[in-house]
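Chains as they are written, first to last, in my numbering: chain A, 18 to 369; chain B, 9 to 517.
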């Protein structure tokens with residue numbers, strides 16, 4: 018305690034030098050914890066760099082512009098869902114049903130515009146209504162989860178697991194297992210339009226991460242997510258409307274997952290009845306590898322993003338290496354495990 | 009703050025009634041606190057202290073009765089800001105967010121905003137630093153709250169309360185997790201804050217502390233107000249009587265019992281060394297009770313936990329009845345005949361969702377059946393036997409342990425330690441957070457155990473626990489620095505705990 022005091026004292030009288038590089042011992046001491054925290058956020062970067070180097074050595078095509086862009090476009094939808102899940106996890110809750118939202122939201126939108134002969138509902142609404150409907154479905158489903166979990170205090174894990182199954186079932190029932198295609202162009206814009214050679218979906222995901230990261234750091238509501246996840250009672254005592262914020266997080270997560278679904282639709286070019294199926298496992302893996310705590314209250318958007326990129330690169334490398342498709346899953350799972358272990362070692366803290 | 013209007017009480021609660029279903033938590037709660045004083049609220053577990061505090065801090069509405077601040081009725085329950093400006097409570101359980109920095113916890117949900125209404129981290133840190141400096145709290149604003157020591161965390165919570173404008177602060181058992189030196193520092197802070205006009209309501213199980221730091225005391229018993237008096241006019245015996253409702257025999261010293269010096273040595277510890285302690289040598293004979301004192305950083309807890317199989321020492325050995333004790337392996341230590349009451353019953357002692365019976369017999373399940381199966385009748389029988397033996401107040405072995413009050417819960421922990429009929433009993437803070445009567449009952453269990461020839465090691469911060477020991481070893485920075493045979497004076501023991509050889513001026517007892 019005495020030490021901290023002296024450090025603070027030494028630092029105070031030298032305001033102009035405070036921002037200077039840590040050449041003097043006291044300043045270095047002061048900076049260390051902050052730097053260390055920063056370094057922990059980026060714990061995955063060494064693993065990511067290692068993988069990229071490995072990729073460059075193993076396959077000549079890896080470090081080409083075309084391949085890197087394809088890694089990014091393949092990861093965009095996953096990134097949106099990881100973003101959504103990270104927000105929920107930081108608040109200390111769970112949402113497993115996001116993967117079903119990825120499927121059902123764009124499917125419902127598509128059925129609103131498609132004629133009955135193409136498995137549509139026959140309403141043939143204009144495309145912009147359908148796009149709005151997609152977002153609306155995501156938000157409403159998030160709100161249903163939120164109300165069940167927050168208001169009625171049901172267990173988030175089980176509620177959203179049940180929702181996952183229900184929504185998947187509804188999607189299969191509505192489409193009778195058929196694949197939806199032939200939607201208006203606006204359904205594919207995110208994947209087909211490019212800016213500086215990079216698809217809009219990637220720009221949108223990047224922007225979403227940037228905005229979320231900024232709000233989490235610099236907005237009261239963003240800070241409230243950490244407070245609620247860290248100690249909900251303390252958050253409530255500080256005047257944070259815990260229930261309202263949590264509900265908002267669930268709605269936002271549903272919305273983001275719906276956008277992710279739209280991106281996935283554009284990327285694939287059609288909506289399969291199992292769009293998004295099993296995606297939630299990858300989502301959790303990316304979030305946890307990226308340092309988001311399953312106990313809530315910890316993690317950053319930057320970390321979550323590195324988690325997504327790491328998995329995207331792995332996926333790409335496995336494809337490039339022409340690993341027999343029957344083995345891809347086993348190897349992918351093994352790599353996730355290894356990444357978790359590396360993140361545990363580099364961050365030096367328990368993953369809880 | 010003005011202490012001029014001495015007639016007007018700062019806080020006045022009268023006729024408070026609070027029921028939870030059929031249970032009456034508070035039948036007649038009264039409290040009058042004058043500005044600038046430190047007011048103690050004492051009572052046994054279940055006397056209604058917590059309920060009164062939750063009513064006073066606006067967390068719960070009373071079923072009947074009124075609360076007034078400065079003569080004006082308390083704000084409605086929904087007006088959190090209104091309450092926060094009047095009263096704040098520092099609970100035993102932290103009400104800070106562990107992962108956030110001190111600065112952010114101080115200004116949670118009211119972070120100073122910069123351009124565009126976004127949080128300005130620079131202003132947040134400078135305002136936090138100013139606030140901490142105003143109240144002389146020496147904590148770095150950018151420290152992560154989870155990494156603070158308990159005393160610093162408490163001071164942060166106090167500073168936060170003061171920053172809301174509240175000058176009335178409830179401290180709910182603030183000393184429970186502090187060692188003597190830290191308690192002294194807390195009291196110094198309290199006195200300093202009191203001089204700058206802060207009023208405290210101080211809740212503690214340690215009557216000594218009440219006498220040391222408070223001017224007035226209110227006693228609750230069986231959900232009722234019993235008395236309010238200046239501490240100077242209420243001698244210790246009268247206070248204990250008011251709390252217990254009967255005269256409790258003053259703590260019986262162990263001096264009347266003498267261990268046979270020829271009794272065989274049960275535990276023989278030689279040259280035990282680890283990061284926390286160094287070259288520790290001692291012996292405990294059959295039926296002997298040895299105390300282990302020291303500050304919280306002295307290594308005493310680590311030493312005791314080592315004997316219970318929780319840690320592995322670097323060098324040295326310990327023998328129980330001539331057989332080397334296994335280190336770093338709790339099941340083996342249990343099998344070797346070591347029973348342990350761990351340091352924190354919430355963390356390590358009990359599984360809250362399980363029943364009393366399941367908790368109490370957890371250590372002996374292998375003896376209650378064959379091939380890993382557990383005979384339920386045998387378990388029930390054993391549990392009932394333990395409940396009687398330890399005088400646990402319960403409906404029966406099937407009641408969840410989370411229903412029990414602190415004293416009874418601790419008895420279950422003790423039952424668990426005794427269930428395996430240990431030859432060495434290691435007790436770590438066995439009476440922490442326990443009321444006067446349960447304390448007596450727990451300590452008398454120690455006497456029964458020693459009569460059966462058990463060797464007992466008591467590690468505690470409480471002098472009352474150590475007073476019953478045949479001798480007390482004191483650890484200082486991991487080394488045994490003193491041995492006090494029974495009959496020591498408080499100031500002697502405290503002096504060696506604090507590492508002061510000269511006892512003068514260090515007398516807390």
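Every residue gets a Cβ at the ideal spot worked out from N, C-alpha and C, and that includes glycine.
- Message: Is it buried or exposed, residue 113(B), if we count other Cβ atoms within 10 angstroms and call 16 or more buried?
- Response: For the purposes of this step, residue 113(B) is taken as residue 105 along the second chain, with counting starting at 1. Buried, since its Cβ has 16 or more Cβ neighbours within 10 Å.
- Item | With 16 other Cβ atoms within 10 Å as the buried cut-off, status of residue 116(A) | Reading the first chain from its first residue, position 99 is the one you call residue 116(A). By the neighbour-count rule (16 or more Cβ atoms within 10 Å), residue 116(A) is buried.
- Since I believe residue 74(A) is in contact with residue 278(A) (beta carbons under 8 Å), could you give me their beta-carbon distance rounded to a whole number of angstroms? Reading the first chain from its first residue, position 261 is the one you call residue 278(A). Reading the first chain from its first residue, position 57 is the one you call residue 74(A). Not really, about 36 Å apart at Cβ, beyond 8 Å.
- Item | Endpoints, the alpha helix (DSSP H) within which residue 244(B) is located | To locate residue 244(B), count along the second chain from 1; it is residue 236. Run containing residue 244(B): 244–252, per the alpha helix (DSSP H) assignment.
- Task: Determine the chain B residues that contact residue 224(A) at a beta-carbon separation under 9 Å, and present them in chain order.
- Result: Counting from 1 along the first chain, the entry for residue 224(A) is found at position 207. None at all; the shortest Cβ gap to chain B is about 17 Å.
- For residue 3(B), which of helix, strand or coil comes out of DSSP? The shown model of chain B, from 9 to 517, leaves out residue 3(B), and the question about it has no answer.
- Report the residue from 273(B), 313(B) and 386(B) whose alpha carbon sits nearest the alpha carbon of residue 297(B). Within the second chain, residue 297(B) is the residue found at index 289, counting from 1. Residue 297(B) has its Cα closest to that of 273(B), out of 273(B), 313(B) and 386(B).
- Query: Under a Cβ-count criterion, where at least 16 other Cβ atoms within 10 Å of its own Cβ denotes burial, should residue 216(A) be classed as buried or exposed?
  - Reply: As a working mapping, residue 216(A) is identified with position 199 in the first chain. Per the 10 Å Cβ criterion, buried.
- Contacting residues, own chain, Cβ-Cβ under 8 Å from residue 156(B) (five flanking each side not counted): Here the question's residue 156(B) lines up with position 148 in the second chain. Taken in chain order, the residues that qualify are 110, 147 and 164.
- Between the Cα of residue 406(B) and the Cα atoms of 379(B), 363(B) and 394(B), which residue gives the shortest distance? Within the second chain, the letter at position 398 stands for residue 406(B). Residue 406(B) has its Cα closest to that of 363(B), out of 379(B), 363(B) and 394(B).
- Residues of its chain near residue 131(B), where Cβ-Cβ distance is below 8 Å and the 5 sequence neighbours each way are ignored: Position 123 of the second chain, counting from 1, holds the residue named residue 131(B). For residue 131(B), where only same-chain residues beyond five positions count, the Cβ hits under 8 Å are 120 and 122.
- Task: Using alpha carbons as the reference points, say which of 271(A), 100(A) and 357(A) lies closest to residue 157(A).
- Result: Along the first chain, read from residue 1 onward, the residue named residue 157(A) stands at position 140. With distances taken between Cα atoms, residue 157(A) lies closest to 271(A).
- Leaving out the 5 sequence neighbours to the left and right, which residues in its chain are closer than 7 Å to residue 368(B) when beta-carbon positions are compared? Numbered from 1 along the second chain, position 360 holds the residue referred to as residue 368(B). Cβ neighbours of residue 368(B) beyond the five flanking positions: 391, 394, 420, 423, 424 and 427.
- Per-residue contacts from residue 309(A) into chain B (C-beta, under 8 Å): Position 292 of the first chain, counting from 1, holds the residue named residue 309(A). By Cβ distance, chain B contributes nothing, its closest Cβ being about 12 Å from residue 309(A), past 8 Å.
- Task: Would you tell me roughly how many angstroms separate the C-alpha atoms of residue 191(B) and residue 183(B), rounded to the nearest one?
- Result: For this step, residue 191(B) is matched to residue 183 along the second chain. For this step, residue 183(B) is matched to residue 175 along the second chain. If you take the alpha carbons of residue 191(B) and residue 183(B), they lie about 6 Å apart.
- Answer yes or no: does any C-beta atom of chain B fall closer than 9 Å to that of residue 255(A)? As a position in the first chain, residue 255(A) is number 238, starting the count at 1. Cβ-Cβ to chain B under 9 Å: yes for residue 255(A).
- Task: With 7 Å as the limit, tell me which residues of the region 236–248 of chain A have their beta carbon closer than that to any beta carbon of chain B; keep them in chain order.
- Result: 236, 237, 240, 241, 243, 244, 247 and 248
- Boundaries of the alpha helix (DSSP H) in which residue 288(A) is found, first to last residue: Within the first chain, the letter at position 271 stands for residue 288(A). In the DSSP assignment, residue 288(A) falls outside any alpha helix (DSSP H) and carries neither an H nor an E.
- Message: Can you list, in chain order, the residues of its chain with a C-beta nearer than 6 Å to that of residue 345(A)? Leave out the 5 residues immediately preceding and following it.
- Response: Mapped onto the first chain, residue 345(A) falls at position 328. Hits under 6 Å: 335.
- Given 8 Å, three or more beta-carbon pairs between the region 28–44 of chain B and the region 57–77 of chain B: yes
- Tell whether a beta-carbon distance below 9 Å holds between residue 269(A) and residue 159(A). Translated into positions along the first chain, residue 269(A) becomes position 252. Translated into positions along the first chain, residue 159(A) becomes position 142. Yes, the Cβ-Cβ distance between residue 269(A) and residue 159(A) is below 9 Å.
- Message: Does residue 89(A) come out as helix, strand or coil in the three-state DSSP assignment?
- Response: Locating residue 89(A) in the first chain gives position 72, where the first residue counts as 1. Of the three classes helix, strand and coil, the one that applies to residue 89(A) here is helix, per DSSP.
- Task: Examine chain A for any beta-carbon lying closer than 9 Å to the beta-carbon of residue 188(B), and answer yes or no.
- Result: Against the second chain, residue 188(B) aligns to sequence position 180. When Cβ-Cβ separations below 9 Å define contact, residue 188(B) makes no contact with chain A.
- Query: Below 8 Å, can you find three or more Cβ-Cβ pairs linking the region 227–236 of chain A to the region 43–51 of chain B?
  - Reply: no
- Using CA coordinates, which residue listed in 137(A), 241(A) and 123(A) is at the minimum distance from residue 127(B)? Here the question's residue 127(B) lines up with position 119 in the second chain. Of the listed residues, the one whose Cα sits closest to residue 127(B) is 241(A).
- Message: When you compare the CB positions of residue 177(A) and residue 112(A), do they come within less than 9 Å of one another, or not?
- Response: Counting from 1 along the first chain, the entry for residue 177(A) is found at position 160. Counting from 1 along the first chain, the entry for residue 112(A) is found at position 95. In this structure, residue 112(A) lies closer than 9 Å to residue 177(A) by Cβ.
- Query: When the distance is taken between beta carbons, is residue 262(A) closer than 9 Å to residue 140(A)?
  - Reply: On the first chain, residue 140(A) is found 123 positions in, with the first residue counted as 1. On the first chain, residue 262(A) is found 245 positions in, with the first residue counted as 1. Against a cut-off of 9 Å, the Cβ pair of residue 262(A) and residue 140(A) comes out as no contact.
- Query: Would you say residue 195(B) faces chain D, with C-beta separation under 9 Å as the test?
  - Reply: In the structure shown, chain D cannot be found, because the protein chains are A and B.
- Query: From which residue to which residue does the beta strand (DSSP E) around residue 21(B) run?
  - Reply: Residue numbering aside, residue 21(B) sits at position 13 when the second chain is read from its first letter. The continuous beta strand (DSSP E) containing residue 21(B) extends over residues 19–28.
- Query: Of all the CB atoms in chain A, is at least one closer than 9 Å to the CB of residue 281(B)?
  - Reply: Residue 281(B) sits at position 273 when you count from the first residue of the second chain. Not an interface residue.
- Message: Going by the DSSP bridge assignment, what does residue 187(B) pair with across the sheet?
- Response: The residue given as residue 187(B) occupies position 179 in the second chain. Residue 187(B) is not bridged to any residue.
- Item | Rounded C-alpha distance that separates residue 236(B) from residue 257(A) | Position 228 of the second chain, counting from 1, holds the residue named residue 236(B). Position 240 of the first chain, counting from 1, holds the residue named residue 257(A). Residue 236(B) and residue 257(A): Cα-Cα distance of roughly 37 Å.
- Query: Counting Cβ pairs, one atom from each stretch, are 3 or more of them under 8 Å apart for the region 437–452 of chain B and the region 276–285 of chain B?
  - Reply: no
- In whole angstroms, what separates the C-alpha of residue 254(A) from that of residue 244(A)? Here residue 254(A) corresponds to residue number 237 of the first chain, with the count starting at 1. Here residue 244(A) corresponds to residue number 227 of the first chain, with the count starting at 1. Rounded to whole angstroms, residue 254(A) to residue 244(A) spans 11 Å at the Cα level.
- Message: Determine, for residue 231(A), whether the minimum Cβ-Cβ distance to residues of chain B falls below 9 Å.
- Response: Taking the first residue of the first chain as 1, we reach residue 231(A) at position 214. It does; some Cβ of chain B falls within 9 Å.
- Under a CB-based cut-off of 9 Å, is residue 506(B) close to chain A? The residue labelled residue 506(B) in the question sits at position 498 within the second chain. Not an interface residue.
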